[in-house]
Amino acid sequence: MSDYSIARRNMVDRQLKARGIKDPRVLAAVGQIPRHLFVEDAFASQAYGDFPLPIGEKQTISQPYMVGLMSEALLLTGKEKVLEIGTGSGYQAAVLAKLAGRVFSVERIPALARRARRILDSIGCGSVNIKVTDGTLGWEDEAPFDAIVVTAGAPSVPDCYLRQLAIGGRLVIPVGDMGVQVLKRITRIGENNFSEEQLVDCRFVPLLGKLGWREEA
Ligand code: SAH
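Quick note: to get the numbering used here, add 4 to the position in the sequence shown (first position is 1).
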């Protein structure tokens, strides 16, 4: 097995730190997770490059910078209960497992969820909970969450994510059309009071489902 630790350190320095990711816990987490295990085998040597990569089923693992940015935007300190929508490869979930207390992740494609489960177990992230279902409905039974991160582009913000946030909780979600979205951070300030920040333009695969894009689109 090749040693990717130098590639990983360079990735953290040149793609995350150099572009303004500062949270030392995020930099450490991304510096620890073996990203090459989460991409398709044929792409392992490119796993630390500055781009998203295929993970099968027409889905992608997000660009490292985007994983860093979203993780930082959640403002995690270690004890939080976090929900991720779009498990995909499981990579973002592994990063979150280093940053938060409990991680719940939802994926609609069973084969991806199975693959993510296997990889997460193999690197000691067995505590990440994965459910196969339509994640546009969130994870009602486990709510409220201190942080929710959506790793697929939504046409609008599903209401249930807002309801499943704890007071003070943060929702990070790409919202826009199929081609380009704006990454937003929505904070639940009170029972019926939310604040919204626009972080950056981005490009995610579509969030498909009841409160997302229609599956045949
Ligand atoms: N976070 C992933 C990247 C995921 S790509 C990683 O680190 O690898 C987006 C994922 O969202 C895809 O796997 C896609 O199948 C999934 N997805 C899209 N719509 C969904 C929905 N309604 N519920 C759950 N997952 C969904």
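Ideal placement from N, C-alpha and C gives every residue a C-beta, glycine not left out. Note that the structure is predicted; figures quoted are calculated from it, not measured.
Leaving out five residues before and five after tyrosine 8 in sequence, what residues of the same chain have Cβ atoms less than 6 Å from its Cβ? His40
Quick check: does the Cβ of glycine 130 come within less than 7 Å of any heavy atom belonging to the ligand SAH? no
In whole angstroms, what separates the C-alpha of cysteine 129 from that of alanine 101? One Cα belongs to cysteine 129, the other to alanine 101, and the distance between them is close to 7 Å.
Helix or strand or just coil, what does DSSP make of glutamate 200? In this structure, DSSP gives glutamate 200 an extended state, which the three-state scheme calls strand.
Bounding residues of the alpha helix (DSSP H) (the contiguous stretch that carries proline 114): 114–126
Rounded straight-line distance, which links the Cα of glycine 180 to that of asparagine 14: 32 Å
Segment contact flag, the segment 144–161 with the segment 73–84, C-beta cutoff 8 Å, min 3 pairs: yes
Would you give the residue range spanned by the alpha helix (DSSP H) that serine 232 belongs to? The displayed coordinates of the chain run from 5 to 221. Any statement about residue 232 would go beyond what the structure contains.
State the Cα-Cα distance for the pair valine 110 and leucine 175, rounded to the nearest angstrom. 15 Å
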